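Numbering (the numbering used here), first residue to last: 297 to 962. These notes concern the structure reproduced below.
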Amino acid sequence: MHVGHLRTYVPADVFVRFLRKMGVEVTFICGSDTHGTPVLTVAEAEGLTPKETYLKYHKHYLETFPKLNINFDNYASTDDPENHNRTIQIVKALKENGHIYPKDLETPYCDHCGRSQPDRFVRGTCPYCGADARGDECDQGCGRYIEPGLILNPRCAVCGNPTRPITRTHYFMRLSSFEGFLGKFLKEADITKSARNYALGWVKEGLKDWCITRDLEWGVKYPDDESLVLYVWFDAPIGYMSSTEQWAKKIGKPKEWEKYWKPGKARLVHFIGLDIVHHHCIFWPSMLKGSGYKLPDAIAASGMVKIEGHNFSRSRGYIVWIEDEYLAKGLDPDYLRYYMVSSTSQTKDLDFAWVSFADKVNNELVATLGNFFYRGLHFTKKHYGEVPEGTLDRKLKKAIEDTVEAVIDGVNEYELKKVADAILGLATVGNEYFQANKPWELVKEDKAKCGEVLYNALSLTKALAVLIDSILPSAAETVWEQLGLDSNVHETPLDEVLSPLEVGLKLGDPVPVISKIDDELLAELKELTYNRIKAAEAAQKGETEEKKKVTEHDPVKDNITFDEFQNIDLRTGKILKCEKVPKKDRLLKITVDIGIETRTMVTGLGHLYKSEQLEGLTALFLVNLEPKKIGGIESHGMILAVENLDEPGQWVPVEVGGVPPGSKAA
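Written out as structure tokens, the structure is:
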């Protein structure tokens with residue numbers, strides 16, 4: 297497990313804990329996706345069977361979640377019998393309702409490997425933005441789902457050889473017939489703005505019917521043709537439902553899952569990453585609608601995780617492992633939970649950096665929250681040993697009430713940064729109150745009045761313990777013990793934050809609840825990341841050198857006619873302006889003078905060139921290419937570039953000098 301996984305797991309756990317404190321009955325469900333080419337590629341790389349592979353990682357997840365205080369009511373696997381059975385039932389329901397049909401389809405076949413290569417077993421060019429892409433998803437460019445057979449210039453991801461198309465019968469879901477339903481659903485459901493807009497954009501472009509089968513052996517067998525399995529993103533979301541079925545059996549109420557998944561009063565809330573919006577906002581609601589199940593009420597989609605300012609990447613070393621790095625260094629899981637919810641809005645990308653992580657811990661948790669806890673508890677224990685007499689200050693009471701209101705609002709909006717900020721703000725109020733009343737002086741002058749001040753400080757401490765419990769459960773538990781309370785802070789609802797402390801309650805021994813990350817530890821953490829990045833760079837360099845030795849030229853493509861050649865309009869163009877496309881790391885929007893007019897185009901060279909490197913460049917462009925939306929921008933042409941065989945993946949624009957814009961090439 298790596299820190300990127302926690303972008304959804306931690307907010308979901310915090311959300312569930314707060315709902316329970318608000319008196320809501322919640323069932324917290326999750327599971328491992330165990331089918332599809334992602335599992336198969338890892339299995340082949342590790343020399344294991346697919347089942348051995350998923351069991352290995354499933355076990356790791358089950359062991360790691362509790363260490364991070366993430367507690368699911370049930371964590372299942374999509375290979376469990378419940379999921380196979382429920383998936384087949386939904387397929388049959390969709391078929392009976394006329395939503396599934398057979399159709400012949402051309403898919404990639406690798407002669408070298410001797411098998412069909414669906415999804416991640418093939419790479420090629422994205423048909424939407426031109427970036428290098430996986431067979432089922434443009435992972436390096438626009439992020440679009442790519443239907444089987446649509447990827448351009450396909451090559452086997454295992455051996456690197458070009459694939460050839462073969463034709464066989466697959467099964468499709470009539471996704472196009474759900475356009476009207478989806479348009480209404482996406483506007484009415486409680487979906488975070490960016491996810492809603494992405495999904496509505498796809499619907500407006502027009503939905504194509506969805507191929508739901510794959511030519512693989514591993515997965516849920518398609519009922520009418522067991523030589524095929526269902527696409528992983530068909531059976532994976534059904535895992536939510538089947539995991540709920542498992543939970544119902546576990547608690548001895550086997551029908552209890554129905555109250556969540558059959559139409560009724562229960563609310564279904566999904567926490568997902570922005571990279572799987574298409575699957576959860578397009579495929580999944582259509583499947584549920586077509587088979588008669590309840591639709592999601594809310595979908596909270598989080599932004600992606602970056603590492604030290606760079607896009608998350610295992611191969612390039614931009615990753616932080618939870619077990620082997622974070623926990624192995626003895627870091628408190630509460631710190632990471634706080635960082636994941638307090639750093640940025642739920643919908644924005646989160647940049648994980650050790651320096652900012654340490655700053656959050658030291659200057660927020662320690663300096664503000666931990667400082668308030670310790671100074672009040674320590675001073676009271678030293679001079680009174682118990683909760684002194686007092687009544688809650690009116691202004692402090694109002695501050696607590698306002699914070700609870702802000703917390704509830706933030707939870708209902710899925711904006712947990714607002715929640716964390718509100719709680720930290722209340723701790724700041726506590727520090728200001730303590731400092732303004734100077735109990736260290738007051739205890740010498742008027743011990744009863746000092747006791748009043750400390751009663752208020754401890755009352756605020758209790759309120760903060762209840763409020764932080766959903767984010768920092770370990771810290772809340774420690775504070776609760778130091779207050780001498782014998783109840784369970786995890787079971788204490790929000791409406792008890794203002795219940796009075798018992799005067800005379802014996803306090804526990806106060807110790808600092810949160811410890812600083814010192815410079816030595818910070819240096820070790822930074823060095824971990826630095827060394828991993830350098831090792832990845834060295835490994836990639838070695839691979840590149842090896843590729844240089846064995847690189848073969850791609851075969852010449854099929855002939856085109858002379859008339860087809862004459863229809864190609866190549867002209868020189870001067871790039872007048874170049875800018876990044878928002879949220880698309882590989883895409884650049886360029887304004888090009890092609891002589892007769894100025895055009896807007898989109899190129900997938902953003903990962904190789906900065907804007908200033910391309911501005912002013914005169915290069916060769918294809919100017920009679922049909923306009924196409926790429927990254928939400930309509931592109932009217934395409935720049936020509938060549939791939940450097942000595943450096944695979946490095947594309948160089950075809951630069952032309954000494955001629956004006958608009959000069960024709962032939």
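Note that CB positions come from ideal geometry on N, CA and C, so glycine has one too. Remember, predicted model here, so these are calculated numbers, not experimental data.
Checklist entry - The beta strand (DSSP E) with C746 in it runs from where to where? => result Stepping through the sequence shown from its first residue, residue 746 is reached at position 450. Taken as a continuous stretch (DSSP letters only), C746 belongs to no beta strand (DSSP E), being part of the alpha helix (DSSP H) at 743 to 764.
Next on the checklist: Along the chain, where does the beta strand (DSSP E) containing S770 start, and where does it finish?
Outcome noted: Indexing the sequence shown from 1 puts residue 770 at position 474. In this chain, S770 is not harboured by any beta strand (DSSP E); it is covered by the alpha helix (DSSP H) spanning 769 to 778.
Checklist entry - Going by the CB atoms, is the gap between H395 and G588 shorter than 8 Å? => result Residue mapping note: residue 588 aligns to position 292 of the sequence shown, counting from 1. Residue mapping note: residue 395 aligns to position 99 of the sequence shown, counting from 1. Cβ atoms of G588 and H395: not closer than 8 Å.
Next on the checklist: Can you check which of these residues, Y357, Y424, F314, G686, is closest to V898 by C-alpha distance?
Outcome noted: Stepping through the sequence shown from its first residue, residue 898 is reached at position 602. Of the candidates Y357, Y424, F314, G686, the one whose C-alpha sits nearest the C-alpha of V898 is Y424.
Next on the checklist: Using DSSP's beta-bridge definition, name the partner residues of V418.
Outcome noted: For the purposes of this step, residue 418 is taken as the residue at position 122 of the sequence shown. The beta-bridge partner set that DSSP reports for V418 consists of C452.
Checklist entry - Comparing alpha-carbon positions, which option in T868, V888, I864, N863 lies nearest E875? => result Residue numbering aside, residue 875 sits at position 579 when the sequence shown is read from its first letter. Of T868, V888, I864, N863, the residue nearest in Cα terms is V888.
Checklist entry - In its own chain, which residues sit with a C-beta less than 6 Å from the C-beta of K399, not counting the 5 before and 5 after it? => result Start at 1 with the first residue of the sequence shown, and residue 399 comes out as number 103. Excluding residues within five positions, the ones whose Cβ falls inside 6 Å are F468.
Item to check | Straight-line gap, G945 to R451 (C-alpha atoms, nearest Å) | outcome: To locate residue 945, count along the sequence shown from 1; it is residue 649. To locate residue 451, count along the sequence shown from 1; it is residue 155. C-alpha separation (whole angstroms): 14 Å.
Next on the checklist: Check for me: the beta strand (DSSP E) holding I864 runs from which residue to which?
Outcome noted: Residue mapping note: residue 864 aligns to position 568 of the sequence shown, counting from 1. That residue, I864, is in no beta strand (DSSP E); it is neither H nor E in DSSP.
Checklist entry - Considering only C-alpha positions, which residue in the set I595, P550, L591 is nearest to I568? => result Counting from one through the sequence shown, the residue named residue 568 turns up at place 272. Nearest option by C-alpha distance: I595.
Next on the checklist: Determine whether the beta carbon atoms of E289 and L302 lie at a separation below 8 Å.
Outcome noted: Outside the displayed span of the chain (297 to 962) sits residue 289, for which this structure offers no information.
Checklist entry - Which first and last residues belong to the beta strand (DSSP E) in which F468 is found? => result The count along the sequence shown starts at 1 and reaches residue 468 at position 172. Residues 460 to 469.
Next on the checklist: Tell me whether the region 524 to 539 and the region 377 to 385 touch, counting them as touching only if at least three CB pairs, one residue from each stretch, are closer than 8 Å.
Outcome noted: Output reads yes: the region 377 to 385 touches the region 524 to 539.
Item to check | First through last residue of the beta strand (DSSP E) which encompasses K549 | outcome: For this step, residue 549 is matched to residue 253 along the sequence shown. Careful: K549 lies outside any beta strand (DSSP E) and carries neither H nor E.
Item to check | Any 3 or more C-beta pairs closer than 8 Å across the region 794 to 814 and the region 653 to 670 | outcome: Touching, per the Cβ criterion.
Checklist entry - Taking C-beta to C-beta, are A718 and V703 nearer than 8 Å? => result Within the sequence shown, residue 718 is the residue found at index 422, counting from 1. Within the sequence shown, residue 703 is the residue found at index 407, counting from 1. Going by C-beta atoms, A718 is nearer than 8 Å to V703.
Item to check | Sequence-distant residues of the same chain with beta carbon closer than 6 Å to D859, five excluded per side | outcome: Here the question's residue 859 lines up with position 563 in the sequence shown. Scanning its chain for C-beta atoms nearer than 6 Å, with the 5 sequence neighbours on each side dropped, one finds no residue around D859.
Next on the checklist: For a test of the three-state rule: what should DSSP assign to Y527, helix, strand or coil?
Outcome noted: Taking the sequence shown and counting its residues from 1, the one referred to as residue 527 is at position 231. Per DSSP, reduced to three states, the secondary structure at Y527 is coil, with no helix or strand assignment.
Item to check | Closest residue to T699 among V725, G804, V454, N667 (Cα-Cα distance) | outcome: The count along the sequence shown starts at 1 and reaches residue 699 at position 403. Taking each of V725, G804, V454, N667 in turn and checking the Cα distance to T699, the smallest one comes out for V725.
Checklist entry - Given L913, which residues of its chain have a CB within under 7 Å of its CB, disregarding the five upstream and five downstream residues? => result As a working mapping, residue 913 is identified with position 617 in the sequence shown. Once the five neighbours on either side are set aside, the close Cβ partners of L913 are I871, P949, E951.
Item to check | E737 to A831 span [Cα, whole Å] | outcome: Position 441 of the sequence shown holds residue 737. Position 535 of the sequence shown holds residue 831. In a straight line, the C-alpha of E737 is about 57 Å away from that of A831.
Checklist entry - First and last residue of the beta strand (DSSP E) that includes L390? => result Within the sequence shown, numbered from 1, the residue matching residue 390 stands at position 94. Segment 377 to 392 is the alpha helix (DSSP H) holding L390; no beta strand (DSSP E) there.
Next on the checklist: Using the three-state DSSP reduction, which class does S783 fall into: helix, strand or coil?
Outcome noted: The residue labelled residue 783 in the question sits at position 487 within the sequence shown. Here S783 sits in coil by DSSP.
Checklist entry - Alpha carbon to alpha carbon, how far is K844 from S641? => result As a first step, residue 844 must be located in the sequence shown, where it is residue number 548. As a first step, residue 641 must be located in the sequence shown, where it is residue number 345. Reliability fails at K844, whose pLDDT of 47 lies under 50, so the model's placement of it is uncertain and no value is given.
Item to check | C-alpha gap between L901 and A372, whole angstroms | outcome: Counting from one through the sequence shown, the residue named residue 901 turns up at place 605. Counting from one through the sequence shown, the residue named residue 372 turns up at place 76. Approximately 41 Å between the Cα atoms of the pair.
Item to check | Beta-bridge partners of C434, as assigned by DSSP | outcome: Here the question's residue 434 lines up with position 138 in the sequence shown. In the DSSP output, where bridge partners are listed per residue, C434 has none listed.
Item to check | From D791, G686, V799, residue whose alpha carbon lies closest to that of L781 | outcome: Residue 781 sits at position 485 when you count from the first residue of the sequence shown. Considering only alpha carbons, the answer is V799.
Next on the checklist: I'd like the span of the alpha helix (DSSP H) that includes G569, first residue to last.
Outcome noted: The residue you call residue 569 lines up with position 273 of the sequence shown. Following the DSSP letters along the chain, one finds G569 in no alpha helix (DSSP H) but inside the beta strand (DSSP E) bounded by residues 565 to 569.
Next on the checklist: Are the CB atoms of Y405 and I462 within a distance shorter than 8 Å?
Outcome noted: Stepping through the sequence shown from its first residue, residue 462 is reached at position 166. Stepping through the sequence shown from its first residue, residue 405 is reached at position 109. Cβ distance < 8 Å, so I462 and Y405 count as in contact.
Item to check | 6 Å CB neighbourhood of L503 in its chain, flanking five on each side removed | outcome: Numbered from its first residue, the sequence shown carries residue 503 at position 207. L471, S472, E475.
Checklist entry - What do you get for L910, buried or exposed, if any count of 16 or more other CB atoms within 10 angstroms of its CB means buried? => result Here the question's residue 910 lines up with position 614 in the sequence shown. Burial call: buried.
Item to check | Spatial distance of P550 from E541 (CA atoms) | outcome: The count along the sequence shown starts at 1 and reaches residue 550 at position 254. The count along the sequence shown starts at 1 and reaches residue 541 at position 245. Taking the straight line joining both Cα atoms gives about 7 Å.
Item to check | Proximity winner among A772, L817, K906, relative to N365 (alpha-carbon distances) | outcome: The sequence position of residue 365 within the sequence shown is 69, counting from 1. Checking every option, the nearest Cα to that of N365 belongs to A772.
Next on the checklist: Assuming contact is defined by CB atoms lying nearer than 8 Å, are H408 and N449 in contact in what I supplied?
Outcome noted: Numbered from its first residue, the sequence shown carries residue 408 at position 112. Numbered from its first residue, the sequence shown carries residue 449 at position 153. No, Cβ-Cβ distance for H408 and N449 is not below 8 Å.
Item to check | Inter-residue spacing [alpha-carbon to alpha-carbon] between P957 and E943 | outcome: Position 661 of the sequence shown, counting from 1, holds the residue named residue 957. Position 647 of the sequence shown, counting from 1, holds the residue named residue 943. Roughly 30 Å between the two C-alpha positions.
Checklist entry - Where K352 and G599 are concerned, what is the direct C-alpha to C-alpha distance, given to the nearest angstrom? => result By one-based count along the sequence shown, residue 352 stands at place 56. By one-based count along the sequence shown, residue 599 stands at place 303. Straight-line Cα distance between these residues: approximately 28 Å.
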